[in-house]
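Top to bottom, those sequences are chains F and V.
Numbering follows the numbering used here, with no gaps: position 117 of the first sequence is 117.
Numbering follows the numbering used here, with no gaps: position 53 of the second sequence is 202.
Let me begin by presenting the structure, written as structure tokens, before commenting on it.
There are 2 protein chains.
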Amino acid sequence: MLLSKSCIYGLRASILLAKDESNGFITIRDLSDELNISFHFLTKVLQKLTRSEILESFKGPNGGVKLAKPAEQVTFKEIVISIDGRFYKVDCPLGLPACGELAPCPLHDQWEELNNRIQNMIGSVTLAELSDRQKRGKPNLQFSAQTGS
Amino acid sequence: MLLSKSCIYGLRASILLAKDESNGFITIRDLSDELNISFHFLTKVLQKLTRSEILESFKGPNGGVKLAKPAEQVTFKEIVISIDGRFYKVDCPLGLPACGELAPCPLHDQWEELNNRIQNMIGSVTLAELSDRQKRGKPNLQFSAQTGS
DNA sequence: GTATATTAAGACAAAATACTCTTAAATCAT
DNA sequence: ATGATTTAAGAGTATTTTGTCTTAATATAC
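Here it is in structure tokens:
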């Protein structure tokens, strides 16, 4: 597992929001229905994004959530950090906190380059790109109705 | 978290075993002391490696565990698979089981190349290389006595 | 203002992961 | 044989993650 389920749910919901050109409020119920995941659990996840000011929420009829800024300005990484509460970065594949230049773990060098590329990818990919890609290709965000892996 | 703690413990212990040129049995107590982790927990982890025939164990006085084959023939990946019980591979960063050529998730293409590189790295790095690198550089396998990260 | 729709928040339950403890089995030394 | 040493196995506990349920707060519509 690369990301927690919370993160994945948050990312998927955010992509759906980015897909909505109108940028009006969309209810969490609609999102959870479309993604086929628990409404209450998704609510909790999206609350984090709202508190981080990645989303904007509105209560009551016609309420819901929407992106607080243009999809071009929201990165994959921002969302993960907001939800998991930590920098999405594996410093050392062996989990050694002191691993670094001075005392590298045996995998340090090999890992570093890969890690940089991962960081670069998630730091530069925006919701705009993700939703765009999804709009063009065959949509695939639902967890259900799987054809198998 | 890239790997579970069980995996990390198993990898660290295996690297210590690979470092031992004599290839005699080393007690799990010695390993857990050196790695500064729970003896009983490490025992469970190493039992998996023994069942997978990556380690060989021997009970009683002068017993312990040792590598069942040359360190050159044990890969990082083998150990992870033995302990986590699944292929260490993130098919889709958004966790979509059906993600693939036919219905790619929005990150599919970007992820694929990175994933291949990760797979390549963990599939080709052997315990011999890991222990060697550790012997030459400044050793760093203990979780305790951290200088902070 | 009353009812309805919707997010916010918190308590609670379930499942997965991490860790501890006890007992059994095997081996060795005497 | 007996006792000591060591892994094997399984029960039990703790913590984290995931998921559910209930109530509160806020906004709309009538």
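Ideal Cβ positions, reconstructed from N, Cα and C, are used throughout, including at glycine.
Collapsed DSSP secondary structure at residue i in the structure displayed
i	result
V/THR192	helix
F/ILE81	helix
V/ILE186	coil
F/ILE118	helix
F/LEU31	helix
F/LYS96	Looking at the sequence shown, residue 96 of chain F is not Lys but Leu. Three-state result, F/LEU96: coil.
V/GLU202	coil
V/PHE207	strand
V/GLY212	coil
F/ALA145	A caution first: F/ALA145 carries a pLDDT of 37, below 50, which makes its placement in the model unreliable, though a value can still be read off. Coil at F/ALA145, not helix or strand.
F/SER4	coil
Burial state of residue i (16 or more Cβ within 10 Å)
i	result
V/LEU195	buried
V/GLU227	buried
V/SER280	buried
F/PHE76	buried
F/ARG12	buried
V/GLU250	exposed
V/GLN295	Any reading at V/GLN295 needs caution, since the residue's pLDDT is 33, under 50, leaving its predicted position unreliable; the model's value is listed next. Exposed, since its Cβ has fewer than 16 Cβ neighbours within 10 Å.
V/GLY244	buried
F/GLY10	buried
F/GLU159	This structure cannot speak to residue 159 of chain F, because chain F is shown only from 1 to 149.
Proximity winner among the options, relative to residue i (alpha-carbon distances)
i	options	result
F/GLN110	F/SER124, F/PRO93, F/ALA98 and F/GLU21	F/PRO93
F/SER32	F/SER14, F/ALA68 and F/LYS77	F/SER14
F/SER124	F/ALA98, F/PHE25, F/SER22 and F/ALA71	F/ALA71
V/ASN172	V/LYS226, V/ASN211 and V/HIS257	V/ASN211
V/LEU151	F/LYS5, F/GLU112 and F/ASP91	F/ASP91
F/LYS5	F/GLU113, F/ASP30 and F/LEU35	F/LEU35
F/LYS59	F/ILE28, F/GLU129 and F/ASN115	F/ILE28
F/ASN115	F/LYS89, F/ALA128 and F/ALA103	F/LYS89
Neighbourhood of residue i by C-beta, 6 Å cutoff - its chain only, sequence neighbours within 5 removed
i	result
F/LYS48	SER82 and ILE83
V/GLY234	none
F/CYS7	VAL80, ILE83 and ASP84
F/SER149	Any reading at F/SER149 must be qualified, since the residue scores a pLDDT of 29, below 50, and its modelled position is unreliable; the value itself is stated next. Around F/SER149: no qualifying Cβ.
F/GLU56	LYS66 and ALA68
F/THR50	SER57
Contacts around residue i, its chain only, beta-carbon distance under 7 Å, and the 5 residues preceding and following it disregarded
i	result
V/ILE175	LEU166, ASP169, GLY213, VAL214 and LYS215
V/CYS248	ASP240, CYS241, CYS254 and HIS257
V/GLU202	ALA217
F/GLU129	none
Cβ neighbours of residue i in the same chain (closer than 8 Å, five flanking residues each side left out)
i	result
F/THR126	ALA71, GLU72, GLN73, VAL74, THR75 and PHE76
V/ASP179	GLY213
Validate contact between the region 184-195 of chain V and the region 265-277 of chain V using beta carbons, cut 8 Å, 3 pairs: no
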